[in-house]
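Asker: So that we are looking at the same thing, I have put the structure below in structure tokens.
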Amino acid sequence: MVFTPPPVRGRLTANAPLAPLTWFQTGGAAEYLFRPADADDLAALLRAVPMDVPLTLLGAGSNVLIRDGGIKGIVIKLGRGFTAITATPDGYEVGAAALDQTLAQTAAADGRAGLEFLIGIPGSIGGAVRMNAGCYGREISDIIVYADVMHRSGDIERLDKDALGLSYRHSELPKDSIVLSAHLRTEPGDSDAITARLAEIRSLREETQPTGSRTGGSTFANPLGHKAWALIDAAGCRGLTRGGAMVSEKHCNFLINTGGATAEAIEALGETVRERVLQQSGITLRWEIERIGLSKDV
Ligand SMILES: Cc1cc2nc3c(=O)[nH]c(=O)nc-3n(C[C@H](O)[C@H](O)[C@H](O)COP(=O)(O)OP(=O)(O)OC[C@H]3O[C@@H](n4cnc5c(N)ncnc54)[C@H](O)[C@@H]3O)c2cc1C
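Under our numbering, think of the first position of the sequence shown as 2, with each following residue one higher.
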């Protein structure tokens, strides 16, 4: 890639390892990793970079598997300049880098209801909007009013809920657009009751998911009318291993890096699971985890 880095106020690092920035803790490096100081800094970089330089957004890295050959172009990770949580009369204006769990705790302390489910999702608000994240019967589409996004041109646009095109673990955000913040709605609630609900969701998660492991959460989306984990279990894949990658014994729609697994091993294990489920049930599982970047040998 022919690319002369422009001056920035944030941090632009060449050949930056990405494994530490993901939950799987594996995968290659970014050709460049950019951590903008603020929205103006981000816009300045976007305007200075040729349109053919690929951009990749990384949130908290809880839904991505970065391949071992790394990512060409610029990986953008929003940080401190994008974590503000500001109360409004009907909810919160939340920076894209704020963590879902921090927002859930803030709302509980403020006695605002409706965001409890976010305590179960270990990502950022930007990633939650992109993925229409959800659990226990609620998802981002139930609470979002609008998101402010920056386009590749550096221009900012406010997209309301309909324009975001949110469906099950999916959005229609335009290519290369970056969520800067979102406006999420809350309802009046009782702080103690909300805090108790957070504790309940946390312990449910700990009981049923390998939350302390190197994982990417649910590997496959639930096919209509089915639970992915049940199909995987019925296909005999619980506990299946491959080169340090493992199908979780606790929740078999989770793949785990037991230590030292390459992204290739994790992806190959996922593909084996898909094949076995297809053979056993006739159903093709769709990856929910985003696999991004290049294979090692490319
Ligand atoms: C233990 C565990 C449990 C999980 N449980 C759930 C669950 O119950 N429900 C659920 O929905 N998910 C769950 N997940 C998956 C994951 O947490 C969610 O998908 C989360 O919303 C991803 O957010 P992130 O910030 O980590 O995004 P990343 O994984 O970093 O990125 C995911 C996608 O979002 C894009 N993205 C990130 N930030 C931005 C931005 N600012 N602008 C534009 N695009 C952006 C990335 O480019 C990528 O396409 C779980 C994951 C783990 C590890």
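Built from N, CA and C at the ideal position, the CB exists for glycine as well.
These figures come from a predicted structure and were not determined experimentally.
Would you call the segment 63-78 and the segment 286-295 in contact, with 3 or more CB pairs under 8 Å?
Answerer: Yes: at least three Cβ pairs fall under 8 Å.
Asker: Grab the span of the beta strand (DSSP E) containing L13 for me, first residue to last.
Answerer: Element bounds for L13: 12-18.
Asker: Within the segment 61-98, note down every full alpha helix (DSSP H) run reaching 4 residues or more, in order along the chain.
Answerer: For the segment 61-98, not a single whole alpha helix (DSSP H) run of length 4 or above is found.
Asker: Could you tell me the boundaries of the alpha helix (DSSP H) in which A183 lies?
Answerer: Run containing A183: none in the alpha helix (DSSP H); it sits in the beta strand (DSSP E), 179-186.
Asker: Got a sec? Which residues, its chain only, sit under 8 Å from L199 by beta carbon, not counting five neighbours each side?
Answerer: Hits under 8 Å: A105, Q106, A109, E117, I120.
Asker: S182 and G115 - do their beta-carbons sit closer together than 8 Å?
Answerer: Their beta carbons are not under 8 Å apart, which means G115 does not touch S182 by this criterion.
Asker: My output table needs one value for E265: the three-state DSSP class, helix, strand or coil.
Answerer: Helix, per DSSP.
Asker: Considering only residues of the same chain and omitting the five flanking positions on each side of T273, which have a CB-CB separation below 8 Å?
Answerer: Excluding positions up to five away in sequence, the list reads C238, L241, R243.
Asker: Would you kindly report the start and end of the unbroken alpha helix (DSSP H) that includes D41?
Answerer: D41 -> alpha helix (DSSP H) spans 40-49.
Asker: At the level of alpha carbons, what is the spacing between E207 and G213?
Answerer: Approximately 8 Å, taken between the alpha carbons.
Asker: Count the other C-beta atoms from every protein chain shown that fall within 10 angstroms of the C-beta of S340, then say buried if there are 16 or more, exposed otherwise.
Answerer: Since the displayed the chain opens at 2 and closes at 299, residue 340 lies outside it and no answer follows.
Asker: Where does R81 land, buried or exposed, given buried means 16+ other C-beta within 10 angstroms?
Answerer: Exposed is the call here.
Asker: Mind pulling the alpha helix (DSSP H) runs of 4 or more residues that sit fully within the segment 189-243?
Answerer: Listed in chain order, the complete alpha helix (DSSP H) runs (minimum 4 residues) inside the segment 189-243 are 192-209, 229-235.
Asker: Tell me the DSSP secondary structure of S154 in three-state form.
Answerer: Three-state DSSP puts S154 in coil, outside helix and strand.
Asker: Drop a sphere of 10 angstroms on the beta-carbon of R48, count the other beta-carbons inside from all chains shown, and report buried for 16 or more, exposed for fewer.
Answerer: Result: exposed.
Asker: Exposed or buried, what is R113 when buried is set at 16 or more other beta-carbons lying within 10 Å of its beta-carbon?
Answerer: When all chains shown are included, R113 counts as buried.
Asker: Please classify I257: does DSSP put it in a helix, a strand, or coil?
Answerer: Here I257 sits in strand by DSSP.
Asker: If the criterion is Cβ atoms closer than 8 Å, does the pair R131 and S168 meet it?
Answerer: Contact flag unset, no.
Asker: Distance check for E201 and Q1, CA to CA, integer angstroms please.
Answerer: Shown here, the chain extends from 2 to 299; a query on residue 1 therefore has no answer.
Asker: So what does F35 bridge to, in DSSP terms?
Answerer: Paired residues: L13, I77.
Asker: Measure from the alpha carbon of I157 to the alpha carbon of each residue in L19, A44, T187, then state which is nearest.
Answerer: It is A44.
Asker: Using 7 Å as the cut-off, classify the Cβ of Q26 as near or not near the heavy atoms of ligand 1, replying yes or no.
Answerer: It does not: the Cβ of Q26 is nowhere closer than 7 Å to a heavy atom of ligand 1.
Asker: State the DSSP-derived secondary structure class of G127, mapped to helix, strand or coil.
Answerer: Looking at G127 - three-state DSSP - the assignment turns out to be helix.
Asker: DSSP state of R277, grouped into three classes?
Answerer: In the structure shown, R277 sits in a helix (DSSP, three-state: H, G or I).
Asker: What residue from N133, R153, H152 has the CA that sits closest to I144's CA?
Answerer: Nearest C-alpha to I144: N133.
Asker: One question on the structure: do V76 and A15 come within less than 8 Å of each other, judged by their Cβ atoms?
Answerer: The answer is no: Cβ separation not under 8 Å.
Asker: Take S178 and list the residues in its own chain whose beta-carbon comes closer than 6 Å to its own, dropping the five residues that flank it on each side.
Answerer: Here the set comprises V150, H152.
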